[in-house]
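Below is one structure, written out as structure tokens, with a few remarks after it.
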Amino acid sequence: MTVPHLLDLARALLRKNDAGPFTKPGPNQYPHQWNWDSALIALGLSHFDLPRALTEIRSLLSGQWKDGMLPHVVYHSDPSDYFPSPAFWQIENNPNAPGISTSGITQPPLLTTIIRRMRTRHSIPQFIGEVYPSLLKWHRWLHTSRDADKSGLACIIHPWESGTDDSPRWLEVMASIRPQDVPDFRRGDTLHVPAAERPHQADYERFIYLIDVFRREKYDPTALLARSPFLVQDVLFNSILHRADEDLRVLAEELGQPTDEIDDWMNNLRAHFDRQFWDNADGLYHDYDRRGSASISVNTAATFLPLFGGIASREQAKRLVEEHLQNPLEYAPNQKIRHWLTTTSQSEPTWEARRYWRGPVWIILNWLVIEGLRRYDYNDLAGAIQRDSLELLARSGFREYYDPRDGSGCGSTDFSWSAALAFEFKEGA
Ligand code: DGY
């Protein structure tokens, strides 16, 4: 399939999943608006319908809480079979909740970077002026309400906040959680996707238990930092946050807004990042379990995100690429694995080819890693991953994730961000 034809299909899919003010990430599996999905969808839309792309972002921001929190799901639309339903979250018990139904947790803060990217391609000064205060407020919330140790590193309180929901990074922390009185619930995620491609039941039960803890605490940020059983400093989340701060700073300068506060966040995060995450013996970045005061020594593709964030030194980048990314025992294609980029190293005993974040290829991770590699001048490798990504999309369609052994599709069909990112891959294809 030629690239122009693939982009025609991508455009048609984004139109098909258009629900008015927002775009469904997946027509059946994800029928509401998800935070980082929406950012990427807006980027895709901006290639052929800029006004609609701006609407996507305005809709997402309409779910922002009064204290700045930008939720991971905004429920604009009619009831669906998606669980948790809006009512399950009980956000109305928090005085900062917005007038629209949302979840009570957040997601990786990719939005500012996406807006800056759009800004480099289009003249949208009025829009930037309009959304800047909301972006600043979200970043401020992350650097204050989620900073447990004044390190500039944000904590996440739920695996869903990492965007990599059932990554083996979270297994040990999840195992330490003993769910009690879990409310009755019926999973909606296995109605449209085979259970073997979705999280294990024991993990899912903990996902729901955590939400129940949060709603009992009425989503009070201080109480959640003090008592959430899951409290983690995540390499991926903080790398994206640092990059987003950098991009926010550029927007601030353009608008003639002060930058001191943003500089403080960035300097603080940089000063603590290596100490908390870098494992010099392994040559890997590891997440940190704050509740258990322990490094999480699991090898997943999250370790490459400091390249996207621009936080790794040249030496660290070299080790990540040469010892891990290009290593056929971990991430590089080999006899068994034909495609870039398995989201968990094959060396991990928990690796699974088709289960959600346990091993499949995700187009978003490929894109984040490609962007990071380019930042550090690994252009040939970035090009190889980009070509492979395009091949996957052309051969197996816009799926949520892909089996790295044969490239067959898994999870949701007609997945919006896989289509949206096709537009980013077209450069140099
Ligand atoms: C789900 O329902 O699995 C979502 O990924 C949570 O955001």
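No gaps in the numbering here: position 168 of the sequence shown is 159 in this note's numbering, and each next residue is one more.
Where a beta carbon is used, it is the ideal one built from N, C-alpha and C, also for glycine.
Since this is a predicted model, take the numbers as computed values, not measurements.
message: Would Leu311 and Tyr322 qualify as a contact pair, given that the criterion is a beta-carbon distance under 7 Å?
response: no
query: Looking at Leu216 and His233, is the spacing between their C-beta atoms short of 7 Å?
result: no
- request: Return the residue from the list Thr103, Leu(-3) and Val289 that minimises the CA-CA distance to Lys128.
  value: Thr103
task: Using the Cα positions of Pro75 and Ala1, report the straight-line distance between them to the nearest angstrom.
output: 29 Å
query: Taking a cut-off of 6 Å, which residues have a beta-carbon closer than that to any heavy atom of the ligand DGY, in chain order?
result: His63, Trp151, Asp156 and Asp180
- request: May I have a chain-ordered list of the alpha helix (DSSP H) segments no shorter than 4 residues that lie completely inside the segment 51 to 112?
  value: 77 to 80 and 102 to 112
message: Let me check understanding here. Comparing Cα to Cα, which of Arg266, Phe118 and Ile253 lies closest to Arg131?
response: Ile253
message: Could you compute how far the alpha carbon of Ile354 sits from the alpha carbon of Phe416?
response: 10 Å
- request: Between the Cα of Leu5 and those of Gly374, Ser153, Leu34 and Asn26, spot the shortest distance and give me the residue it belongs to.
  value: Leu34
task: Go ahead and label His(-4) buried or exposed: buried means 16 or more other beta carbons lie within 10 angstroms of its beta carbon, across all protein chains shown.
output: exposed
- request: Go to Ala285, then tell me how far its beta strand (DSSP E) extends in each direction, as first and last residue.
  value: Ala285 to Ile287
- prompt: Just reading off the beta strand (DSSP E) that Tyr195 is part of, what are its end residues?
  reply: Element bounds for Tyr195: not the beta strand (DSSP E) but the alpha helix (DSSP H), Gln192 to Arg207.
- prompt: Excluding sequence positions up to five away, which residues of its chain have a Cβ less than 6 Å from the Cβ of Asp238?
  reply: Thr103, Thr104 and Arg107
- request: Report yes or no: do three or more beta-carbon pairs, one from the segment 21 to 29 and one from the segment 87 to 104, lie closer than 8 Å?
  value: yes
query: Who are the Cβ neighbours of Arg365 in its own chain at under 7 Å, not counting the five residues just before and after it?
result: Ala373
task: For the beta strand (DSSP E) containing Asp254, list its first residue and its last residue.
output: Asp254 -> not in any beta strand (DSSP E); alpha helix (DSSP H) instead, spanning Asp251 to Phe268.
- prompt: For Ile147 versus Phe228, is the C-beta spacing smaller than 7 Å?
  reply: yes
message: Between the segment 49 to 69 and the segment 172 to 186, can you find at least three pairs of beta-carbon atoms closer than 8 Å?
response: no
- request: Might you give, ordered along the chain, the residues of its own chain that have their beta carbon closer than 6 Å to the beta carbon of Ala293, omitting 5 neighbours on each side?
  value: Val226 and Leu227
task: Rank Met(-8), Glu47 and Phe39 by C-alpha distance to the C-alpha of Phe13 and give the top, closest one.
output: Glu47
- prompt: Exposed or buried, which one is Ser92 when buried takes at least 16 other CB atoms within 10 Å?
  reply: buried
query: Looking at the structure shown, is Asp156 part of a helix, part of a strand, or coil, going by DSSP?
result: coil
- prompt: What is the residue span of the alpha helix (DSSP H) that Tyr123 lies within?
  reply: Pro116 to Thr135
Neighbourhood of Pro212 by C-beta, 7 Å cutoff - its chain only, sequence neighbours within 5 removed: Ser136
query: Candidates Asp405, Ser125 and Gln377: which alpha carbon is nearest Gly388's?
result: Asp405
CB of Glu314 within 7 Å of CB of Gly274, strictly: yes
query: Cβ atoms of Val360 and His330: under 7 Å apart, would you say?
result: no
- prompt: Relative to the C-alpha of Asn84, which residue among Phe39, Pro70 and Asp203 is closest?
  reply: Asp203
- request: Would you decide whether Leu61 is buried or exposed? Buried here means 16 or more other CB atoms lie within 10 Å of its CB.
  value: buried
field: Backbone CA spacing between Thr291 and Arg207 [nearest angstrom]
entry: 33 Å
query: Does the beta-carbon distance from Pro150 to Trp161 come in below 7 Å?
result: yes
field: Nearest-angstrom beta carbon gap, Val223 and Asp138 [assumed within contact, 8 Å]
entry: Contact flag wrong, Cβ pair sits at about 13 Å.
field: Simplified DSSP assignment, three categories, for Gly374
entry: helix
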